[in-house]
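J.:
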Amino acid sequence: MTVAFPFSAIVGQEEMKLALLIAVVDPSIGGVLVFGDRGTGKSTAVRALASLLPRMRIVVHCPYGCDPDAVAGLCEACHGGAKAGPIKSRLAPVPVVDLPLGATEDRVVGALDLERALTRGEKAFEPGLLARAHRGFLYIDEVNLLEDHLVDLLLDVAASGENVVEREGISIRHPARFVLVGSGNPEEGELRPQLLDRFGLSVEVKTPVDIATRIEVVRRRDAFERDPPAFAAAWQAEEEKLRRRLTAARKRLGAVTVPDQAIEHAARLCIGLGTDGLRGELTLMRAARALAALDKDPVVTDGHLRRVAPSALRHRLRRNPLDDSGSTVRVERGIAEVLGA
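If you use our numbering, the sequence shown corresponds to residues 2 to 342, in order.
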C-alpha cells in the first residue's frame, strides 16, 4: 500500500492548504484551482488530502458510492433497492480520483463493458472516472492543458451533478457530484474562462525564498522518502487532530450565522472589483462561513472575509488595460477600501 505524505507535514503554502480544507468543509464552494511554480507541493497536497478525509457511508454494492441518507440523490439501482427494503450501507474512504491528461472520453464518462459483451453477449455499463469520483474529489494536474472536449464534458457534469451516457444501445444516468481540484503552471497556458469560473477558489503558490523554510521542506521530504511508514507514523497524531477538526467543522457549518453586514461587505467588494455575475459574492460568503466553522466561530466576521477574499475573487477579475497590477494586488486594494487597512 502506497503511503501518502501527511497533509499536516506540508511546510508553508498556507493559502493552498486552507483552500483545500475549506473545500472539504463545504463542497458546494465549487473546487480549488492551484496555480504556481513547479515543485511547490501542489500535487503532494491534493494527494495528502485523500488519507486525511473522514470516511463516508455508502450503499453496499453501489458502483457510484451513493449516500444512503440522501434518498433523493440515489442512482436508479439504489432507488429500486430502497423500495424493496432497508438500505444496507458500509464505511468507505472518500475518493480522490486522478484524471490524466491523456484520458479518453470513454474512460472519463464510462463505456460498454466489452468483456461481458463478448463473453456473455450482454450490454453492460462500465463506470468511468466520473463515477469513481462521486462524493469525492476529481484531481486534474496540468488542468490548463486539458483537451477542449473533456473541458466541455466536465462543465456539463459540474453544472448538472449528473453524468449521462448514451452509446452502443446503452442509456445510463448516474449521479456525479464531486469537488474539482486542478493544478498547473500558468507559464504553460491559460485556462478557458468557462472552466476557470467553475472553480470556487483560486490559489497562487510560489517557491519559498526563506532559507529556514526551504531547509525544513528538504529535511521533511528526505525523511519521508527514506522511510514513508515511519514518517507517517510520526505525524499520525497531527493528522488525527486535523481530521477531528474537519469533522467538527462540517457538523458546525449549518449553525454558523452570516450577518447582513458581512453579505453587504462581500457585495461592495465584488462591485468595487467589477466581478461578473453573483458567483463571487456567493463563493466569498460560503468560504467565509466554512472558515468560521473551522475556527469554531459562530458568526462570520470581516476577518473571515479578509482571509478568503483573495482566493475567492482573484480569478474573477476582468482585465484592466489601465492597471497592470496583478489580480492579488487588486483584491488586496479592494479589501483595504471596503474593510479597512
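Every residue gets a Cβ at the ideal spot worked out from N, C-alpha and C, and that includes glycine.
Fair warning: this is a prediction, and the values are worked out from it, not measured in the lab.
Could you pull out every unbroken beta strand (DSSP E) segment of at least 3 residues lying fully inside the stretch 146 to 219, listed in chain order?
T.: 163 to 168, 171 to 176, 180 to 185 and 202 to 206
J.: Take Arg-290 as the anchor and find which of Asp-107, Arg-331, Leu-146 and Arg-251 has the nearest alpha-carbon.
T.: Position 289 of the sequence shown, counted from the first residue, corresponds to residue 290. Taking only the C-alpha atoms, the option nearest Arg-290 is Arg-251.
J.: DSSP beta-bridge partners for Leu-34?
T.: Reading the sequence shown from its first residue, position 33 is the one you call residue 34. DSSP lists Gly-183 and Ser-203 as partners of Leu-34.
J.: Rounding to the nearest angstrom, what Cα-Cα distance links Gln-262 and Arg-287 in this structure?
T.: Residue 262 sits at position 261 when you count from the first residue of the sequence shown. Residue 287 sits at position 286 when you count from the first residue of the sequence shown. Answer to the nearest angstrom: the Cα atoms are 15 angstroms apart.
J.: Do Leu-53 and Arg-222 have their CB atoms nearer than 7 angstroms?
T.: As a first step, residue 53 must be located in the sequence shown, where it is residue number 52. As a first step, residue 222 must be located in the sequence shown, where it is residue number 221. No, the pair does not count as a contact, with Cβ atoms beyond the cut-off.
J.: Here's the rule I'm using: 16 or more other beta-carbon atoms within 10 Å means buried, otherwise exposed. How should Lys-18 be labelled?
T.: Mapped onto the sequence shown, residue 18 falls at position 17. Buried, because 16 or more other Cβ atoms sit within 10 Å of the Cβ of Lys-18.
J.: Which residue's Cα is closest to the Cα of Pro-55: Leu-283, Leu-314 and Thr-248?
T.: Sequence index remark: in the sequence shown, residue 55 carries index 54 (1-based). Checking every option, the nearest Cα to that of Pro-55 belongs to Thr-248.
J.: Could you say which of Pro-299, Asp-149, His-266 and Asp-298 lies nearest to Leu-283 if we only look at CA atoms?
T.: For the purposes of this step, residue 283 is identified with residue 282 of the sequence shown, where counting begins at 1. Residue His-266 is the option with its Cα nearest to Leu-283.
J.: Cutting at 7 angstroms between CB atoms, please list the residues of its own chain near Ala-233, excluding the five before and the five after it.
T.: Translated into positions along the sequence shown, residue 233 becomes position 232. Cβ neighbours of Ala-233 beyond the five flanking positions: Val-4 and Pro-7.
J.: DSSP has Met-57 in a bridge; who is on the other side?
T.: For the purposes of this step, residue 57 is identified with residue 56 of the sequence shown, where counting begins at 1. Within the DSSP secondary-structure output, Met-57 pairs in a beta bridge with Ala-93.
J.: Between Ser-328 and Arg-315, is the Cβ-Cβ spacing less than 7 angstroms?
T.: Within the sequence shown, numbered from 1, the residue matching residue 328 stands at position 327. Within the sequence shown, numbered from 1, the residue matching residue 315 stands at position 314. Taking 7 angstroms as the Cβ cut-off, Ser-328 and Arg-315 qualify as a contacting pair.
J.: Excluding sequence positions up to five away, which residues of its chain have a Cβ less than 8 angstroms from the Cβ of Glu-226?
T.: Numbered from its first residue, the sequence shown carries residue 226 at position 225. Sequence-distant partners of Glu-226 (beyond 5 residues in either direction) whose C-beta falls short of 8 angstroms from its own C-beta are missing from its chain.
J.: So what's Ala-267 in DSSP terms, helix, strand or just coil?
T.: Reading the sequence shown from its first residue, position 266 is the one you call residue 267. Of the three classes helix, strand and coil, the one that applies to Ala-267 here is helix, per DSSP.
J.: When you compare the CB positions of Leu-196 and Val-152, do they come within less than 7 angstroms of one another, or not?
T.: Taking the sequence shown and counting its residues from 1, one reaches residue 196 at position 195. Taking the sequence shown and counting its residues from 1, one reaches residue 152 at position 151. A contact, by the Cβ cut-off of 7 angstroms.
J.: If you count every other CB in all the chains shown that lies within 10 Å of the CB of Arg-39, and 16 or more means buried, which is it?
T.: Looking up residue 39 in the sequence shown gives position 38. Classification for Arg-39: exposed.
J.: Within 10 angstroms of the Cβ of Gln-237, are there 16 or more other Cβ atoms? Answer buried if so, exposed if not.
T.: As a position in the sequence shown, residue 237 is number 236, starting the count at 1. Gln-237 is exposed by the Cβ-count criterion.
J.: For the alpha helix (DSSP H) that contains Ile-23, what are its first and last residues?
T.: Residue numbering aside, residue 23 sits at position 22 when the sequence shown is read from its first letter. Unbroken alpha helix (DSSP H) run through Ile-23: 15 to 26.
J.: Go ahead and label Glu-188 buried or exposed: buried means 16 or more other beta carbons lie within 10 angstroms of its beta carbon, across all protein chains shown.
T.: Stepping through the sequence shown from its first residue, residue 188 is reached at position 187. Label assigned to Glu-188: exposed.
J.: Please state the DSSP three-state secondary structure of Pro-87.
T.: Locating residue 87 in the sequence shown gives position 86, counting from the first residue. Residue state, collapsed to three classes: coil.
J.: List the endpoints of the continuous beta strand (DSSP E) containing Pro-128.
T.: Reading the sequence shown from its first residue, position 127 is the one you call residue 128. Pro-128 -> beta strand (DSSP E) spans 126 to 128.
J.: For my contact list, Glu-217 and Val-12 are in at a C-beta cut-off of 8 angstroms; report their separation, rounded to the angstrom.
T.: In the sequence shown, the residue the question calls residue 217 occupies position 216. In the sequence shown, the residue the question calls residue 12 occupies position 11. With 8 angstroms as the limit, Glu-217 and Val-12 qualify as a contact, their Cβ atoms being about 5 angstroms apart.
J.: Just tell me which of Arg-319, Gly-278, Val-26 and Tyr-140 has its CA closest to the CA of Thr-45.
T.: The count along the sequence shown starts at 1 and reaches residue 45 at position 44. Of the candidates Arg-319, Gly-278, Val-26 and Tyr-140, the one whose C-alpha sits nearest the C-alpha of Thr-45 is Tyr-140.
J.: Taking just the CA atoms, how far does Ala-337 sit from Ser-203?
T.: For the purposes of this step, residue 203 is taken as residue 202 along the sequence shown, with counting starting at 1. For the purposes of this step, residue 337 is taken as residue 336 along the sequence shown, with counting starting at 1. Taking the CA atoms as reference points, Ser-203 sits about 20 angstroms from Ala-337.
J.: Just tell me which of Glu-148, Pro-209, Leu-306 and Ala-132 has its CA closest to the CA of Ala-177.
T.: Numbered from its first residue, the sequence shown carries residue 177 at position 176. Of Glu-148, Pro-209, Leu-306 and Ala-132, the residue nearest in Cα terms is Ala-132.
J.: Can you tell me which residues form a DSSP beta bridge with Tyr-140?
T.: The count along the sequence shown starts at 1 and reaches residue 140 at position 139. For Tyr-140, which the question treats as bridged, DSSP gives the partners Asp-99 and Val-182.
J.: Could you spell out where the alpha helix (DSSP H) holding His-305 opens and where it closes?
T.: One-based indexing of the sequence shown puts residue 305 at position 304. Counting along the chain, the alpha helix (DSSP H) containing His-305 begins and ends at 303 to 314.
J.: Could you have a look at Ala-134 and say whether DSSP puts it in helix, strand or coil?
T.: Position 133 of the sequence shown, counted from the first residue, corresponds to residue 134. Coil.
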